[in-house]
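Read through the structure below, which is laid out as structure tokens, and then see the notes.
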Amino acid sequence: MPTRFIVVFSQRSNLALLGKRLIYKMKQLIWILLTAMTLACVVNCQLSGIVIPAFLVYDEQGTVWLKDVNCSGTESKLVNCTFNNDTSVSYHSQDIGVHCFFSCFTENEGNLRIISGAAANKGRLEIDYKGEWGTVCQDNFENVDADVACGQLGYCSGMVMPAFLVNDGQGTIWLKDVNCSGSENKLVNCIFNIDTFYSYHSQDIGIHCFLNCSTENEGGLRIMSGPAANKGRLEINYKVQEWCSPQFLLMMVKVVCVLCLVPLRIKDDWKLIIKVNGEHSGMVFPAVLVNDGQGTIWLKDVNCSGSESKLVNCIFNIDTVYSYHSQDIGVHCFLNCSTENEGGLRIMSGPAANKGRLEINYKGEWGTVCQDNFENVVAEVACR
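With UniProt numbering, letter number 185 in the sequence shown gets 185, and the count goes up by one each step, no holes.
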């Protein structure tokens, strides 16, 4: 419960002449001038408040009563501390404020919650500190700190969601410069700083907590939002539990040539080669042709040697903070990897059977041929 502070004034005649308005102003001024580093906020606990610096306090009018307040910590009233009332060169731009804590008990202190996220396991991190919910500043907040926070919330692990991906919070920013070793069971057991006067809600940190940390079945792949089951946006099941559905398994059965998806670096460009028993069975579907995905972008800078059996066995980076769904990669998986009967041709959509659009059956799938460098000598071969 908030502490009530009462300032008692002697009702002497000279003060009464100032009128009720001036009495109210004087009470308000003394409240603003209370220094939280003194016992102004002490309520049956060692520390129950902090300073609000002058630049965060609205300027008042009237008299500035005190300056140079100095308490030993044993005083029961602020006026029992030493102070100077020669405030002739003090200004209201220097009016001090205090932030008094609602609670001094530490039994349940440090509870966490995730707010305003796309899902229950990711969003803005908030902490219940001194009886009041507030946010955490991004300064020096790293994945090891997110891991501790997610562990406290009951998740297996997690990573940072940077401030620019998090909706700004309100109220108090409680912590900054959080520094965890990784062994803590609560975030408040880590080292931190509560001097957040120069922190802003645009710096509120978020966390993305993992739903599953098992690696046994991790790395399942699927193709989504494409014109056919064998081509479209590539998605991976990583640190989650939700989407290994029968529909997904059925789709993968249809893509009979896909046994292993192996991204390779060729001349520093992304080339996605899909291998089946050493034979190429697919090609890259560039991001410009892929419908943008939603949710988490898990991997970037994937680098495989070509011998891996799963994409997650390759080298990759999960620091995808500056990656966007407009960069989502896709794959086009071939339906047939046999070359025995490959290359069948047909003429389609023409005014007669012998003239029209040229199409070729390649990798088990009918498609067209681009005009680039296609000359009469090539047409002669096709017509034969």
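The beta-carbon is built from N, C-alpha and C at its ideal position, and this holds for glycine as well. Just so we're clear, the structure is a prediction, and the values are computed from it rather than from any experiment.
Collapsing the DSSP output to three states places C190 in coil.
If you check the CB distance, G293 and R233 come in under 8 Å. Its Cα nearest to that of H208, the residue A149 stands out among N80, N185, A149, N341. Excluding residues up to 5 positions away in sequence, G232 lie with their Cβ nearer than 6 Å to the Cβ of G226 in the same chain.
Note on F141: 16 or more other CB atoms within 10 angstroms of its CB, so buried under the neighbour-count rule.
The secondary-structure analysis by DSSP pairs K300 across a beta bridge with N317.
Residue burial annotation: V89 is exposed, with fewer than 16 other C-beta atoms found within 10 angstroms of its C-beta.
Rounded to the nearest angstrom, the gap between the Cα atoms of G169 and M159 is 19 Å.
DSSP places N179 in the strand class (E or B) of the three-state scheme.
Here F285 is buried: its Cβ has 16 or more other Cβ atoms, across all protein chains shown, within 10 Å. In the structure shown, the three-state DSSP call for E380 is helix. A distance below 7 Å between beta-carbons, with the five flanking residues on each side excluded, links D301 to the following residues of its chain, in chain order: F316, N317. The Cβ neighbour count for K77, taken over all protein chains shown within 10 Å, is under 16; the residue is labelled exposed. For V64, there is no enclosing alpha helix (DSSP H), as DSSP gives it neither H nor E. Cβ atoms of K186 and Q138 stay farther apart than 8 Å, at about 20 Å. Within the segment 81–158, the complete beta strand (DSSP E) segments at least 3 residues long are 82–84, 97–100, 111–119, 122–129, 132–136, listed from N- to C-terminus.
Spanning the alpha carbons of N237 and G49 requires a straight line of approximately 47 Å.
In the structure shown, L56 adopts helical secondary structure according to DSSP, grouped into three states. Non-local beta-carbon contacts of C156 in its own chain, meaning distances under 6 Å to residues more than five positions away in sequence, involve F210, C213 in chain order. For K363, the closest of G282, V312, F83 by C-alpha to C-alpha distance is G282. DSSP, reduced to helix, strand and coil, places A228 within a strand of the structure shown. Residue burial is scored here from C-beta neighbours: C370 has fewer than 16 other C-beta atoms within 10 angstroms and is therefore classed as exposed.
A Cβ-Cβ distance of about 6 Å is found for the pair L112 and I127, placing them in contact under the 8 Å criterion. With distances taken between CA atoms, F55 lies nearest to Y198 out of I329, S307, Y198, D319. Counting only the Cα atoms, I173 lies some 16 Å from I191. Inclusion of L66 and N80 in the CB contact set at 8 Å is not warranted, their separation being larger than that value. Contact check for G73 against L125 fails: the beta carbons are separated by 8 Å or more. By the neighbour-count criterion, in which a residue is buried when 16 or more other Cβ atoms sit within 10 angstroms of its Cβ, D145 is buried.
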